[in-house]
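Throughout, this note's numbering is defined as the position within the sequence shown, counted from one, plus 6.
What follows is one structure encoded as structure tokens, with my remarks underneath.
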Amino acid sequence: MKVLNVRHARTAGNRPLAIVDLPGSGAEMTPAQMRELARALLDAADECASRPTGRDYRSVSREYPFRTEKALHGND
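Here it is, written out as structure tokens:
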């Protein structure tokens with residue numbers, strides 16, 4: 007896993023919503039990979055919370071890359 011894919015949308019009540027493509031059940035991850043996943047989720051949450059939800063709202067897809075080479079290669 008090198009990026010976290012997220013689609014930013016909104017709920018029926020016009021509140022921010024993120025549709026997150028997470029690793030499947032039983033995913034094997036090193037501690038470094040889990041930390042990068044947590045960082046990517048926090049980045050996505052910040053963007054989701056800051057997106058406008060007014061009349062002209064458009065849903066968008068974003069990739070949140072893992073930031074460290076260590077996490078990409080599974081070295082801890």
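Ideal Cβ positions, reconstructed from N, Cα and C, are used throughout, including at glycine.
Residues sharing a beta bridge with residue i, DSSP
i, result
"Leu23", "Ala15"
"Ser67", "Arg13"
Helix, strand or coil at residue i [DSSP, three-state]
i, result
"Glu34", "coil"
"Asp49", "helix"
"Arg41", "helix"
"Asp82", "Low per-residue confidence applies at Asp82: pLDDT is 48, beneath 50, and the placement is therefore not dependable, though the value from the model is reported in the following sentence. Asp82 falls in the coil class under three-state DSSP."
Residue i versus residue j: straight-line alpha-carbon distance, rounded
i, j, result
"Val26", "His14", "9 Å"
"Asp82", "Lys8", "Annotation note: pLDDT 48 at Asp82 (below 50); position unreliable, no value reported."
"Ala18", "Ala38", "36 Å"
"Ser65", "Glu34", "31 Å"
"Gly60", "Glu53", "15 Å"
"Asn11", "Gly30", "13 Å"
"Leu48", "Ser67", "16 Å"
"Arg41", "Tyr63", "31 Å"
"Asn20", "Pro71", "27 Å"
Minimum C-alpha distance to residue i - residue among the options
i, options, result
"Glu69", "Arg61, Ser56 and Leu43", "Leu43"
"Ala55", "Ala24, Leu10 and Phe72", "Ala24"
"Arg73", "Thr36, Arg45, Arg57 and Ala51", "Arg45"
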